[in-house]
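Student:
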Amino acid sequence: MSPSDSSHAAERLLTLQEAIAIALQSIQPITEIESVPLLGAEGRVLAGDLLARLDVPPGDNSAMDGFAVHWSDLSPDVTTRLPVIGQALAGHRYAHPVPRGAAVRITTGALLPEGPDTVIMQEHCRIAPDETWVEIESRTTSRLRPGENIRRRGEDVQAGTIFLNHGRRLRPQEIALAAGQGLTHLQVIRQPRIAVASTGDELYEPGVELPPGAIYESNRYLLIGLLRRLGCAVTDLGILRDNRDALLSTLRCAAADHDVLLTSGGVSVGTADLVKEAIAELGQIAFWRLAVKPGKPVTFGRIADCLILGLPGNPVSVMMSFLLFARP
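Residue numbering for the sequence shown follows the numbering used here, starting at 1281 and increasing by one per position.
1. Can you give me the start and stop residues for the alpha helix (DSSP H) that residue 1475 sits inside?
2. Can you tell me whether residue 1512 is buried or exposed, with buried defined as 16 or more other CB within 10 angstroms of its CB?
3. If residue 1300 and residue 1602 are in contact, beta carbons under 8 Å, what's the gap, nearest whole angstrom?
4. Just grab the DSSP bridge partners of residue 1341 for me.
5. For the stretch 1316-1374, which segments carrying the beta strand (DSSP E) assignment without a break, of at least 3 residues, lie completely within its bounds, in sequence order?
6. Tell me, which residues are paired with residue 1513 by DSSP?
7. From residue 1355 to residue 1458, what distance separates their C-alpha atoms?
8. Who does residue 1565 pair with in a DSSP beta bridge?
9. Here's the rule I'm using: 16 or more other beta-carbon atoms within 10 Å means buried, otherwise exposed. How should residue 1522 be labelled?
10. Between which two residues does the beta strand (DSSP E) harbouring residue 1383 extend?
11. For residue 1573, count neighbouring C-beta atoms within 10 Å of its own C-beta (all shown protein chains included) and say buried if the count is 16 or more, exposed if not.
12. Checking the sheet assignment: what are the DSSP bridge partners for residue 1401?
13. Around the Cβ of residue 1410, are there at least 16 other Cβ atoms within 10 angstroms (buried) or fewer (exposed)?
14. Tell me the rounded alpha-carbon separation between residue 1575 and residue 1594.
15. Please classify residue 1307: does DSSP put it in a helix, a strand, or coil?
16. Would you call the stretch 1345-1355 and the stretch 1475-1491 in contact, with 3 or more CB pairs under 8 Å?
17. What's the call for residue 1275, buried or exposed, on a 16-neighbour Cβ count within 10 Å?
18. Mark residue 1426 as exposed unless 16 or more other C-beta atoms lie within 10 angstroms of its C-beta, in which case mark it buried.
19. Applying the 10 Å Cβ sphere with the 16-neighbour rule, what's the burial state of residue 1308?
20. What is the rounded straight-line gap between the Cα of residue 1293 and the Cα of residue 1571?
21. Just mark residue 1399 as buried or exposed, buried being the case when its beta carbon has 16 or more other beta carbons within 10 Å.
22. Which term fits residue 1344, buried or exposed, when burial requires 16 or more other beta carbons within 10 angstroms of its beta carbon?
23. Rounded to whole angstroms, what is the Cα-Cα separation between residue 1568 and residue 1472?
24. Let me make sure I understand the geometry here. Which of 1579, 1465, 1597 and 1516 has the alpha-carbon closest to that of residue 1476?
25. Roughly how many angstroms separate the alpha carbons of residue 1535 and residue 1583, rounded to a whole number?
26. Can you check DSSP and say which residues form a bridge with residue 1544?
27. Helix, strand or coil: which one does DSSP assign to residue 1297?
28. Which word fits residue 1295, buried or exposed, when buried means at least 16 other C-beta atoms lie within 10 angstroms of its C-beta?
29. Going along the chain, which residues of its own chain have a beta-carbon closer than 6 Å to the beta-carbon of residue 1597, five neighbours each way excluded?
30. Output yes or no for whether 9 Å exceeds the beta carbon distance between residue 1389 and residue 1370.
31. Does the Cβ of residue 1590 have 16 or more other Cβ atoms within 10 Å, making it buried, or fewer, making it exposed?
32. Looking only at its own chain, which residues have a Cβ that is under 8 Å from the Cβ of residue 1490, when we skip the five neighbours before and after it?
Below, the structure written as structure tokens:
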């Protein structure tokens, strides 16, 4: 064992919890806000509370296709026959009040006409061939309550209330709520800008013929997919060869316009493991190596305002290091 290896072995390694605490102290929240169209908002983080401008539904409406009636016209003892005096359609307001002793055919989503307070599903009715009358049997009435099959105004969202909170990560259902309020764009927090690279002379892109001793690079594909799933804007820096000057140049340039650099490989104790030394030369190292296996030689530091996280090169270690340390 060399003297340097012996000194490494004697060091007290940070626990995962200690490392996460150090990293969290280094993170500055992103405060920049941008406007995005609804169809580009999935996975983004809402920058402020959204106040409803409209009631949803906008008025009392039918939850079923059927007949709008006055509950007081129905009998629990005998079949009730009512004349059908009109039709209420979704998207059109029924123009006239409906008197007691009459029914109106109504479609799902249609506003409830003035007068009726209950909707009977058409499956529970006997309808005249020419639809001039409808009968509701007493056994149907006995199973129902006043207000049956009616969605009330503001039942889902009330105008003037907050319907989406600041900090919410937007899913398709939240985006649909925003569309229901007539919004076309949303104010969201800028995505974290993260650059990803893999290092090593042994690495080659999938699709090329491998020379002896080489392997196909897979870590970037794993990391980029995981980062995009978390809502990050990712730049692929590709494969960085074991060349000190080229590595320094790439890391320096990437640090200038990214929030985080994420590398795999080059952080152990081998002579070709150059990433840790490059971080130390360009910036500062906060810690190197954790009491975690797999994933021990994790390196965390900073280059100017950009955080840099160096993960091991082993694919299993990369996955575990990302899930245990980078993702939190």
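From the three backbone atoms N, C-alpha and C, an ideal C-beta is built for every residue, glycine too.
Tutor: Quick answer:
1. Residue 1475 -> not in any alpha helix (DSSP H); beta strand (DSSP E) instead, spanning 1473-1479.
2. The residue in question, residue 1512, is buried, as its Cβ has 16 or more Cβ neighbours within 10 Å.
3. The beta carbons of residue 1300 and residue 1602 sit about 13 Å from each other, so the pair does not count as a contact at 8 Å.
4. Listed as beta-bridge partners of residue 1341 by DSSP are 1391 and 1431.
5. At a cut-off of 3 residues, the continuous stretches assigned as beta strand (DSSP E) that sit fully inside the stretch 1316-1374 are 1346-1349 and 1360-1368.
6. Beta bridge pairing from DSSP links residue 1513 with 1473.
7. Distance between the alpha carbons of residue 1355 and residue 1458: 43 Å.
8. Bridge pairing for residue 1565: 1581 [DSSP].
9. So residue 1522 ends up on the buried side.
10. For residue 1383, the enclosing beta strand (DSSP E) begins and ends at 1383-1386.
11. Exposed, since its Cβ has fewer than 16 Cβ neighbours within 10 Å.
12. Looking at the DSSP assignment, residue 1401 forms a beta bridge with 1346.
13. Residue burial annotation: residue 1410 is exposed, with fewer than 16 other C-beta atoms found within 10 angstroms of its C-beta.
14. Each residue's Cα considered, the two are about 8 Å apart.
15. Looking at residue 1307 - three-state DSSP - the assignment turns out to be coil, as it is neither helix nor strand.
16. No: fewer than three Cβ pairs fall under 8 Å.
17. In this structure the chain extends from 1281 to 1608, so residue 1275 is not present and cannot be described.
18. It counts as exposed.
19. Burial is judged here by how many other beta carbons sit within 10 angstroms of a residue's own beta carbon; residue 1308 has fewer than 16 and is exposed.
20. Whole-angstrom Cα-Cα distance: 5 Å.
21. The residue is buried, with at least 16 neighbouring Cβ atoms inside 10 Å.
22. The residue in question, residue 1344, is buried, as its Cβ has 16 or more Cβ neighbours within 10 Å.
23. Taking the straight line from one Cα to the other gives about 24 Å.
24. Among 1579, 1465, 1597 and 1516, the Cα nearest to that of residue 1476 belongs to 1516.
25. Between the alpha carbons of residue 1535 and residue 1583 lies a gap of roughly 6 Å.
26. Residue 1544 pairs with 1478 and 1591.
27. In this structure, DSSP gives residue 1297 a helical state, which the three-state scheme calls helix.
28. Label assigned to residue 1295: exposed.
29. Scanning its chain for C-beta atoms nearer than 6 Å, with the 5 sequence neighbours on each side dropped, one finds around residue 1597 the residues 1574 and 1575, in chain order.
30. Cβ distance < 9 Å, so residue 1389 and residue 1370 count as in contact.
31. Residue 1590 comes out buried.
32. 1484 and 1496.
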